[in-house]
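Visitor: Here it is, the structure, as structure tokens.
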Amino acid sequence: MISYKYKLYTSKRTKHLDRILREASYVWNHALALQKRYYRLFGKYISKNVMQKHFAKRISRNLLHSQSVQEILERLDTAFQRFFKRLAKRPPKFRRAKYFSSFVFKQGGFTLNGNVITINRIKKRFKFSYSRPYEGKVRRIIFKRSPLGEFYLIIITDANSKSYGKTHDGASVGIDFGLKTYMVMSDGTAVRNPQYLKSDLGNVKRKSLNLSKTKRGSNNRERRRMELCREFESITNRRNDFQWKLAHELCRRYDYIFIEDLSLSGMTRLWGRKMSDLAHAEFVNKLEYIASKYGVTVHKIDRFYPSSKTCECGYVNKNLSLTDREWICPECGKKNDRDLNAAQNILRRGISELWSGCQTESDSAIHACTQESNAL
Ligand SMILES: [Zn+2]
8 MISYKYKLYT SKRTKHLDRI LREASYVWNH ALALQKRYYR LFGKYISKNV MQKHFAKRIS
68 RNLLHSQSVQ EILERLDTAF QRFFKRLAKR PPKFRRAKYF SSFVFKQGGF TLNGNVITIN
128 RIKKRFKFSY SRPYEGKVRR IIFKRSPLGE FYLIIITDAN SKSYGKTHDG ASVGIDFGLK
188 TYMVMSDGTA VRNPQYLKSD LGNVKRKSLN LSKTKRGSNN RERRRMELCR EFESITNRRN
248 DFQWKLAHEL CRRYDYIFIE DLSLSGMTRL WGRKMSDLAH AEFVNKLEYI ASKYGVTVHK
308 IDRFYPSSKT CECGYVNKNL SLTDREWICP ECGKKNDRDL NAAQNILRRG ISELWSGCQT
368 ESDSAIHACT QESNAL
């Protein structure tokens, strides 16, 4: 399954999509209200099938395709199931039409022809920017509205995702994530934190101040809200672009990539890291996805391993504070640069973890591991 995202051209006709979303939110809210009332009266949950039958028979719709309705009910059911399994803290909520953002076609209800998609039920045609061809058979079509009110078309096909060619020869690397520098690699290269995020922070502050000065419900407020939305979207786009490119570059260069397990380090370290950990976790997700296409191994080291506090000789400096950029080991007298030392420790630790974990697996992997550790 591959999903392709295209931007729909905004025109007078997009108001029809807004109307469809309004009806979609009605379906959601109506079904949710039914569930609540039923639970209050009988203490039971209405199963997905019963709910879908009820909507197919009793609830008349003017704009939505029957399968789109079924899909919304499926979404509601998934939200409830997550709540029952304690994966979500709260049951699903009522949604305002303004913030209901997507509807789906499964097999029927639309006609796709070049860069024009027709929604059969309302007999309206929509053009989208056909930025790249899609491959395979269409499985799903999603119309999605961004916070800016623009529409995107997501086409999901059954094509298999391609794997990329490798240009490297068994090299491995350890990576330490940081705030000031985005990451430091065990070979000493540092990737700087993209400065635009910082410079944009000023813009965000100014624009949210502008927003807060406007009167509630005024046209002016709506305009200011849009300006702020656009700013956030721009930041997200640029951050994603930077992260994808970096992930590709790393996977092209290395066969084994060792990183710290971020899920807990955010809590074990100072709270100040939390913000960056969020962005880094996002990057790690992308890296793992790209790595699977290149056939690259991404290994997370043991989360309790003190990577920046350990010296090459094995001494652990417990007094190391976050502000110390470098420290001298009292055991062997080596001068350790904080980030570089951490990256090298992550590499060493990662290799030994992989070594102990994959002894039964292919010998070539182990061979590559040991070669690299000898080089250090
Ligand atoms: Zn030492």
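In this text, residue positions in the sequence shown follow the numbering used here: the first is 8, and each later residue adds one.
Glycine included, C-beta positions come from ideal geometry on N, C-alpha and C.
1. Pick helix, strand or coil for T85, following the three-state DSSP scheme.
2. Looking at ligand 1, does it come within less than 7 Å of E234, judged from the CB to the closest heavy atom?
3. Helix, strand or coil: which one does DSSP assign to S359?
4. Identify whether V305 lies in helix, strand or coil by the three-state DSSP scheme.
5. Is K341 close to ligand 1? I mean its beta-carbon at under 7 Å from any heavy atom of the ligand.
6. What does the alpha-carbon distance come out to for the pair L39 and E78?
7. Say yes only if the C-beta of E319 is nearer than 7 Å to one or more non-hydrogen atoms of ligand 1, and no if none qualify.
8. Could you say which of W362, S168 and T196 lies nearest to G181 if we only look at CA atoms?
9. Hey, S168 and K300 are a contact pair by Cβ (cut 8 Å); roughly how many whole angstroms apart?
10. So which of S73, P99 and K134 has the shortest CA-CA distance to E30?
11. If you follow the alpha helix (DSSP H) that V34 is in, where does it begin and where does it stop?
12. I believe G185 touches D344 by the beta-carbon criterion, under 8 Å. Please report the beta-carbon distance rounded to the nearest angstrom.
13. For the structure I just gave you, are there three or more beta carbon pairs, one from the region 77-95 and one from the region 117-134, closer than 8 Å?
14. For a test of your reading of the model: does the CB of Y263 fall under 7 Å from any non-hydrogen atom of ligand 1? Yes or no.
15. Could you please give me the residues that DSSP links to V180 through a beta bridge?
16. Exposed or buried, Y46, counting other C-beta atoms within 10 Å across all chains shown (16 or more means buried)?
17. Using a Cβ-Cβ cutoff of less than 8 Å, which residues in the same chain neighbour R237 once the five nearest sequence positions on both sides are dropped?
18. Confirm, please, whether the CB-CB distance from F107 to S153 is below 8 Å.
19. Report yes if the C-beta of Y322 is less than 7 Å from at least one heavy atom of ligand 1; otherwise report no.
20. Tell me, please, whether the region 17-29 touches the region 156-164 by the rule of three or more beta-carbon pairs shorter than 8 Å.
21. What do you get for C339, buried or exposed, if any count of 16 or more other CB atoms within 10 angstroms of its CB means buried?
22. Measure the alpha-carbon distance for R213 versus K64 and round it to whole angstroms.
23. Does the distance from the CB of M192 to the CB of A349 come in under 8 Å?
24. Our contact map puts Y11 next to S136 with C-beta atoms below 8 Å; I'd like the distance itself, whole angstroms only.
25. Would D248 count as contacting chain D if we go by Cβ distances under 8 Å?
26. Under the rule that 16 or more other beta-carbon atoms within 10 Å means buried, what is Q114, buried or exposed?
27. Is E157 close to ligand 1? I mean its beta-carbon at under 7 Å from any heavy atom of the ligand.
28. I'd like the ranges of any alpha helix (DSSP H) spanning at least 4 consecutive residues and lying wholly in the region 58-138.
29. How many Å lie between L277 and K131 at the Cα?
30. In this structure, how does DSSP classify K151 when only helix, strand and coil are distinguished?
31. Using a Cβ-Cβ cut-off of 8 Å (strictly less than) and excluding sequence neighbours within five positions of E360, which residues of its own chain qualify?
32. Buried or exposed: where does F49 fall if 16 or more other Cβ atoms within 10 Å of its Cβ makes it buried?
33. Could you check which residue in N324, T304 and V303 has the C-alpha nearest to that of P313?
34. According to DSSP, simplified to helix, strand and coil, what is T188?
Guide: Per the coordinate set shown:
1. Along the sequence shown, one-based indexing puts residue 85 at 78. Residue state for T85 is assigned as helix, using DSSP reduced to three classes.
2. Translated into positions along the sequence shown, residue 234 becomes position 227. Answer for E234: no, Cβ out of range of ligand 1.
3. Within the sequence shown, residue 359 is the residue found at index 352, counting from 1. S359 carries a helical assignment under DSSP once its states are collapsed to helix, strand and coil.
4. Your numbering for residue 305 matches position 298 in the sequence shown. V305 carries a strand assignment under DSSP once its states are collapsed to helix, strand and coil.
5. Walking along the sequence shown from the start, residue 341 turns up at place 334. Annotation for K341 indicates a beta carbon within 7 Å of some heavy atom of ligand 1.
6. One-based indexing of the sequence shown puts residue 39 at position 32. One-based indexing of the sequence shown puts residue 78 at position 71. Approximately 14 Å between the Cα atoms of the pair.
7. Taking the sequence shown and counting its residues from 1, one reaches residue 319 at position 312. It does: the Cβ of E319 is within 7 Å (strictly closer) of some heavy atom of ligand 1.
8. As a working note, residue 181 is residue 174 in the sequence shown. Closest by alpha carbon: T196.
9. Taking the sequence shown and counting its residues from 1, the one referred to as residue 168 is at position 161. Taking the sequence shown and counting its residues from 1, the one referred to as residue 300 is at position 293. Yes, they are in contact, since the Cβ atoms of S168 and K300 sit about 7 Å apart, within 8 Å.
10. As a first step, residue 30 must be located in the sequence shown, where it is residue number 23. Checking every option, the nearest Cα to that of E30 belongs to S73.
11. Locating residue 34 in the sequence shown gives position 27, counting from the first residue. Taken as a continuous stretch (DSSP letters only), the alpha helix (DSSP H) holding V34 covers T21 to F49.
12. For the purposes of this step, residue 185 is taken as the residue at position 178 of the sequence shown. For the purposes of this step, residue 344 is taken as the residue at position 337 of the sequence shown. Taking the Cβ atoms as the reference, G185 lies roughly 12 Å from D344, outside the contact range of under 8 Å.
13. With fewer than three CB-CB distances shorter than 8 Å, the region 77-95 does not count as touching the region 117-134.
14. Position 256 of the sequence shown, counted from the first residue, corresponds to residue 263. No, Cβ of Y263 sits at least 7 Å from all heavy atoms of ligand 1.
15. Locating residue 180 in the sequence shown gives position 173, counting from the first residue. Paired residues: I264.
16. Position 39 of the sequence shown, counted from the first residue, corresponds to residue 46. Flag for Y46 reads exposed.
17. Reading the sequence shown from its first residue, position 230 is the one you call residue 237. When the five nearest sequence neighbours on each side are left out, the beta carbons in the same chain lying within less than 8 Å of the beta carbon of R237 are those of L155, in order along the chain.
18. Counted from its first residue, the sequence shown places residue 153 at position 146. Counted from its first residue, the sequence shown places residue 107 at position 100. No.
19. Within the sequence shown, residue 322 is the residue found at index 315, counting from 1. Answer for Y322: yes, Cβ within range of ligand 1.
20. Touching, per the Cβ criterion.
21. Counting from 1 along the sequence shown, the entry for residue 339 is found at position 332. Per the 10 Å Cβ criterion, exposed.
22. As a working note, residue 213 is residue 206 in the sequence shown. As a working note, residue 64 is residue 57 in the sequence shown. Taking the straight line joining both Cα atoms gives about 52 Å.
23. In the sequence shown, residue 192 corresponds to position 185, counting from 1. In the sequence shown, residue 349 corresponds to position 342, counting from 1. Not a contact, by the Cβ cut-off of 8 Å.
24. Within the sequence shown, numbered from 1, the residue matching residue 11 stands at position 4. Within the sequence shown, numbered from 1, the residue matching residue 136 stands at position 129. Cβ-Cβ separation between Y11 and S136: approximately 12 Å, too far for a contact (criterion under 8 Å).
25. In the structure shown, chain D cannot be found, because there is only a single protein chain.
26. Here residue 114 corresponds to residue number 107 of the sequence shown, with the count starting at 1. By the neighbour-count rule (16 or more Cβ atoms within 10 Å), Q114 is not buried but exposed.
27. Looking up residue 157 in the sequence shown gives position 150. Flag unset: Cβ of E157 not near ligand 1.
28. As for any alpha helix (DSSP H) of minimum length 4 sitting wholly inside the region 58-138, the runs are 73-91, ordered along the chain.
29. Within the sequence shown, numbered from 1, the residue matching residue 277 stands at position 270. Within the sequence shown, numbered from 1, the residue matching residue 131 stands at position 124. Confidence is the limiting factor: at L277 the pLDDT is only 49, short of 50, which leaves the residue's position unreliable and the question unanswerable from this model.
30. Locating residue 151 in the sequence shown gives position 144, where the first residue counts as 1. K151 sits in a strand when the DSSP states are folded into three classes.
31. Position 353 of the sequence shown holds residue 360. Answer for E360: H306, I308 and D309, listed in chain order.
32. The residue labelled residue 49 in the question sits at position 42 within the sequence shown. So F49 counts as exposed.
33. For the purposes of this step, residue 313 is identified with residue 306 of the sequence shown, where counting begins at 1. In this structure, N324 is the residue among N324, T304 and V303 with its C-alpha nearest to the C-alpha of P313.
34. Along the sequence shown, one-based indexing puts residue 188 at 181. Note: T188 maps to strand in three-state DSSP.
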